[in-house]
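Numbering (full-length UniProt numbering), first residue to last: 29 to 297.
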Ligand code: KIV
Ligand code: NA
């Protein structure tokens, strides 16, 4: 069976079907999500926090994204794999964006790339799309700008901010993006933008009216250790993987110390 394509994504919006997206950073986890029927996997630069131990996405490099994206492609058969362009790999302009998006496609085998920014990234999106690279855009809160925000404020509050978000969403659609992530946007505004666009909106902390929803997989599965125990409002944990894994590790350790493992059936004679 073939992989999901951007045409399938467009068809889902025409049919009014909602769809889920998760992040993935390694082959084995990606295989689990592929087998679970998740149609789109994002190799997000959230790998910085969720996989590589940084405290933001800013330090993540293109070479790291290529390595992680290649693993996710190898681990999957059906899902559309979207690779994130990390901070500094496209901000110089369309030509740099094309050069690095091309590397992500050729070296990792992703089916599409994602980059942050609305109007400010429209020219880069346009060149990528005209070059045959499907682009998922990302507006609202854009985490690569965390140092400029000084935090993670909800976006689109107030008339001026709402108008800017509308212009950003329209700009990426006009530039040819096949979908757009709306991050940390008030639910009412995200609903309006979703109604105004012909391309699907993928919400994260953007209410229930988006066409699709994305979560960072370690958040979704209860693996993330939230600083100070403060889990963001938009995160729903569908498992407590942190406890499950921790309990498994403790049981193994106890077994080894007490001589219960390996038992005869685990030993060669
Ligand atoms: O890097 C990431 O995981 C993302 C999603 C949260 C949209 O950009
Ligand atoms: Na990202």
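All residues carry an ideal CB built from backbone N, CA and C; glycine is no exception.
- The C-beta distance from residue 97 to residue 109 rounds to 7 Å, short enough to fall under 8 Å.
- Taking 8 Å as the upper bound for CB-CB distance, residue 168 and residue 193 are in contact here, some 6 Å apart.
- When DSSP states are grouped into helix, strand and coil, residue 166 belongs to the strand group.
- Here DSSP, grouped into helix, strand and coil, assigns residue 210 to strand.
- An exposed status is given to residue 181, since fewer than 16 other beta-carbon atoms sit within 10 Å of its beta-carbon.
- Ranked by how close their Cα comes to the Cα of residue 69, the residues 91, 240 and 176 have 240 in first place.
- Distance check between residue 251 and each of 46, 284, 223 and 57 places 57 closest, using alpha-carbon atoms only.
- According to the DSSP assignment, residue 232 belongs to no alpha helix (DSSP H) but to the beta strand (DSSP E) extending over 229-232.
- The continuous stretches of alpha helix (DSSP H) do not include residue 112, which lies in the beta strand (DSSP E) extending over residues 108-112.
- Taken atom to atom, the span from the alpha-carbon of residue 50 to that of residue 253 is near 18 Å.
- Annotated three-state conformation of residue 130 is helix, per DSSP.
- Distance check between residue 187 and each of 262, 214 and 165 places 214 closest, using alpha-carbon atoms only.
- In the DSSP assignment, residue 264 falls outside any alpha helix (DSSP H), carrying neither H nor E.
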